[in-house]
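Beneath this line is the structure, given in structure tokens, with notes to follow.
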Amino acid sequence: MWLAAILLVVVPTIAAMCGPVLMHRRIGFERLASNNEVAGIKFASTARAFSSEVDTGSRQKNAIKQRARAAF
180 MWLAAILLVV VPTIAAMCGP VLMHRRIGFE RLASNNEVAG IKFASTARAF SSEVDTGSRQ
240 KNAIKQRARA AF
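Following this line, the structure appears as structure tokens:
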């Protein structure tokens, strides 16, 4: 059982932790930094679109609740 836990949890975790270090050494800082800038813009755009959708949904729910309260 312990061997299965080590093989299923510990080994993949160590491999996942070593992956970024190896890629950083292989690719280099300059190339990774430019990719970070592009990824940052994409993440910011996605977050803004999602937050506006969530905000719209909550406004609609609040409007429905206010209409229901006004009826009483």
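FYI, the numbering for the sequence shown is 180 to 251, going by our numbering. Idealized CB from N, CA, C, for every residue including glycine. Since we're looking at a predicted model, the values are computed, not measured.
| task | Would you tell me roughly how many angstroms separate the C-alpha atoms of Gly219 and Pro191, rounded to the nearest one? | result | 27 Å
| query | Where do the ends of the alpha helix (DSSP H) carrying Leu201 lie? | reply | 190-206
| field | Residue range of the unbroken alpha helix (DSSP H) whose run includes Leu182 | value | Run containing Leu182: 181-184, per the alpha helix (DSSP H) assignment.
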